[in-house]
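Q: I am attaching a structure below and will ask some questions about it afterwards.
As structure tokens, then:
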């Protein structure tokens, strides 16, 4: 097995970009994996391309899958993206921006690529604090997927590899993630987090993702470098 190869899930957002920088700092060869999954805009994929280029990844794959066939989410169906005045207005339940089983789908693709690369390390930017209530961003989910990965693969069954799912942001809040990324030289101006950007790519500033991002920069005592449209 190639202990220095890693597959990193890269959405173009703040969290996954930070994770990519962490994997790079740890000396891994970076294989970035993004998805064109039927999401409501392509702005995040352009951001993922910028991030991958800036981080000088070995390879960046954008895989095509179509979760619009199932719908069920404001990101993949004709459902309005919820907007709020501030982060204090965010609810505690699972929001309609949750895409059913998305992280399971993404990690399964990452696992397939990792096994093909003879790599044992997969990185994902999930977070159990500022995670919008998504069930597939919790530590127990990551632990369960890692167990499954080692039961469901040729490499795991034959004992040639022990797959590890790295979630280095799990216990950090958004401000902590931003500080960590800046320590590693991340340019957050390359990233995109908005669920519902304007046609020119400007972030809306009112969706859950924008509000959590803005809250993180505010708590870190910094200005967000990306452009926001009128609210």
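Numbering (the numbering used here), first residue to last: 6 to 236. We put the beta carbon where it would ideally sit given N, CA and C, even for glycine.
1) Thinking just about the alpha-carbon of each residue, which of 14, 84, 20, 64 is nearest to the one in residue 73?
2) Kindly list the residues whose CB is nearer than 7 Å to the CB of residue 216, restricted to its own chain and excluding five residues on each side of it in sequence; keep chain order.
3) Using the three-state DSSP reduction, which class does residue 183 fall into: helix, strand or coil?
4) Would you call the CB atoms of residue 79 and residue 110 closer than 7 Å?
5) Given the structure, does residue 78 come close to the ligand MN, in the sense that its CB is under 6 Å from one of the ligand's heavy atoms?
6) Beta-carbon of residue 58 versus every beta-carbon of chain B: anything under 7 Å?
7) Going by Cα to Cα distance, which pick from 145, 202, 176 is closest to residue 44?
8) Kindly provide the ranges of any beta strand (DSSP E) runs that are 3 or more residues long and lie completely inside the region 116–157, ordered along the chain.
9) List the residues that DSSP assigns as beta-bridge partners of residue 69.
10) At a cut of 8 Å, does the region 119–132 reach the region 158–169 through at least three beta carbon pairs?
11) Would you be able to state if there are at least three C-beta pairs under 8 Å between the region 56–70 and the region 30–40?
12) For residue 119, count the other beta carbons within 10 Å of its own beta carbon; 16 or more makes it buried, fewer makes it exposed. Which is it?
13) Taking the alpha carbon of residue 147 as the reference point, which residue from 156, 172, 195, 186 has its own alpha carbon closest?
14) For residue 171, write down the residues that DSSP places opposite it in a beta bridge.
15) Measuring straight from C-alpha to C-alpha, what distance separates residue 229 and residue 220?
A: For this structure:
1) 84
2) So the qualifying residues of the chain are 89, 91, 92, 95.
3) helix
4) no
5) With respect to small molecules bound, the structure shown includes none, and the ligand MN cannot be examined in it.
6) Included in the structure is just one protein chain, with no chain B present.
7) 202
8) 126–128
9) 41
10) They touch, by the three-pair rule.
11) yes
12) Answer is buried; the Cβ neighbour count reaches 16.
13) 172
14) 128
15) If you draw a straight line from the Cα of residue 229 to the Cα of residue 220, it is about 10 Å long.
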